[in-house]
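Enquirer:
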Amino acid sequence: MTGDDWLYEISSDDENDHRGGSDISDSDGELDHGTSPHSQLPPVPGALPFLDYHRWASGQSYDEQPPRWLLYTMQWKLTLNSRKAVEQTEQNLVIAPSDFWREVLSSKVDGIVASKKKSYETSATTIVMSVPNDRSEDKITKHFQGQQIDWPVVERQLQGWSQLLRAGKRLKVYVQLDYVESLSTGRPAGRGATAMGLAERSARMDAEQEAAGEVDPWRRVYQLMRCPGAPCDNGQWCWQDRARKMHHKLLDHHMRDLVRWVQQGHNLDTHDDVPEEIRAQLYAQEQQGRKRKRQHSGSDSASHVPVIIHNHIPDYVAASDRASPDLGSPVSPPSRPLPLCVTGLRDDAIEAYCK
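With the first letter of the sequence shown counted as 1, position 259 gets the number 259 in full-length UniProt numbering; the numbers rise by one all the way through.
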């Protein structure tokens, strides 16, 4: 499993439902200001080792008994202005958390933050280590400013639980990455110069990185492919096909393919630089969408049979029946038949009638 194979949920930075930005208590935390170099700690006796990142096989299961590697689960969460933006759980990890952060997670987080309409900067990072199925072990919480994380401390704590892992317990690492908005649109009066200076500095840093060839691929792709909005309604990202004068919706796997394309050393400066493989995928996607629409419209027309109503009065209806009654004249009650008087005995009268 690599960073390019992930599926993740992204929440809009404009949504108004304030879900809790922090699931962590500070009571057992430890603040690290990040001003000192990373800890150089001695190895833990009898500790299980981490697998080297370059030997890590994507999709391979390392859940073994007895374990050969330090196996753990990582749940990471990204918050923007104390609101949850992304939350993902990664299982079956045996590489060091520092390698996972450096090689996979950091670029993924940078890409998500760069895709937002607003500008954000890192604020703090909180890491919680625990043994979920062993209540006798307390959670270990560490706080760091920005993303200056002392990974050796985290890794040493996990290796200190090696015996629990051998006993069938599970290890978990929770990472919360907090970002705050760097350029607030609702800033008070008199601070426009400060905001402008920060924007100029950010643009200058981007220009310097681009000149040095160090622009982050995720940031470049997400900024270039951001949907311009109306009249385009393809969502967050789209490819502007100048030849066909169309906008094609870009899904998550398309964006990952474009990032890999840039990481391989190819240029992606304009929409005309989109590779032919991705263009073919988008054309096929557009064709399938049109086919589904035609099938849907065809089934609707076949299932709806027109109903014809004939308004016709038969000619054989008598004129007297069609005439409306005179509402002014009184309505007479129906006449009752006169009583039949039979003289003598009834049986004799019937016999005489039948003759």
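Ideal placement from N, C-alpha and C gives every residue a C-beta, glycine not left out. For clarity, every value in this text was computed on a predicted model and none was experimentally measured.
1. Can you tell me whether residue 369 is helix, strand or coil according to DSSP?
2. Are there 16 or more other CB atoms within 10 angstroms of the CB of Q176, so buried, or fewer, so exposed?
3. Taking the alpha carbon of L70 as the reference point, which residue from I112, M129, F50 and S130 has its own alpha carbon closest?
4. So L268 packs on R220, CB below 8 Å; how close in whole Å?
5. Is D241 helix, strand or coil when you go by DSSP?
6. Between M129 and V154, how many whole angstroms is the CB-CB distance? I'm expecting something under 8 Å.
7. Should K84 go down as buried or exposed, given a rule of 16 or more other Cβ atoms within 10 Å for buried?
8. When the Cα atoms are used, what is the spatial distance from P66 to V94?
9. Taking the alpha carbon of L224 as the reference point, which residue from R244, E181, Q264 and D272 has its own alpha carbon closest?
10. Check whether the segment 164 to 181 and the segment 108 to 128 touch, using three or more Cβ-Cβ pairs below 8 Å as the test.
11. What are the partner residues of residue 358, as DSSP defines its beta bridges?
12. To the nearest angstrom, how far is it from the Cα of K172 to the Cα of V109?
13. Quick one: measure Cβ to Cβ for L78 and I112, integer angstroms, because I've assumed they're closer than 8 Å.
14. Does DSSP classify W76 as helix, strand or coil?
15. Whole angstroms is fine: what's the gap from K169's alpha carbon to S98's?
Expert: So, to answer that:
1. Limits of the chain in this structure are 1 at one end and 355 at the other, which puts residue 369 out of reach.
2. As a first step, residue 176 must be located in the sequence shown, where it is residue number 176. Flag for Q176 reads buried.
3. Reading the sequence shown from its first residue, position 70 is the one you call residue 70. When only C-alpha atoms are compared, the closest one is F50.
4. What you label residue 268 is simply residue 268 of the sequence shown in a count that begins at 1. What you label residue 220 is simply residue 220 of the sequence shown in a count that begins at 1. Going by Cβ atoms, the distance from L268 to R220 rounds to 7 Å, so yes, they are a contact pair.
5. Here residue 241 corresponds to residue number 241 of the sequence shown, with the count starting at 1. D241 falls in the strand class under three-state DSSP.
6. The sequence position of residue 129 within the sequence shown is 129, counting from 1. The sequence position of residue 154 within the sequence shown is 154, counting from 1. For a cut-off of 8 Å, the C-beta gap from M129 to V154 is around 7 Å, short enough to register as a contact.
7. By 1-based counting over the sequence shown, the position of residue 84 is 84. So K84 counts as buried.
8. Counted from its first residue, the sequence shown places residue 66 at position 66. Counted from its first residue, the sequence shown places residue 94 at position 94. P66 and V94: Cα-Cα distance of roughly 14 Å.
9. Position 224 of the sequence shown, counted from the start, is the residue given in the question as residue 224. If we check each option's Cα against that of L224, D272 comes out closest.
10. Yes, since at least three Cβ pairs between the segment 164 to 181 and the segment 108 to 128 fall closer than 8 Å, the two stretches touch.
11. Nothing about residue 358 can be read from this structure; the chain reaches only from 1 to 355.
12. Numbered from 1 along the sequence shown, position 172 holds the residue referred to as residue 172. Numbered from 1 along the sequence shown, position 109 holds the residue referred to as residue 109. Rounded to the nearest angstrom, the gap between the Cα atoms of K172 and V109 is 20 Å.
13. Numbered from its first residue, the sequence shown carries residue 78 at position 78. Numbered from its first residue, the sequence shown carries residue 112 at position 112. The C-beta distance from L78 to I112 rounds to 6 Å, short enough to meet the 8 Å contact threshold.
14. Within the sequence shown, residue 76 is the residue found at index 76, counting from 1. Looking at W76 - three-state DSSP - the assignment turns out to be strand.
15. In the sequence shown, residue 169 corresponds to position 169, counting from 1. In the sequence shown, residue 98 corresponds to position 98, counting from 1. Each residue's alpha carbon lies about 22 Å from the other.
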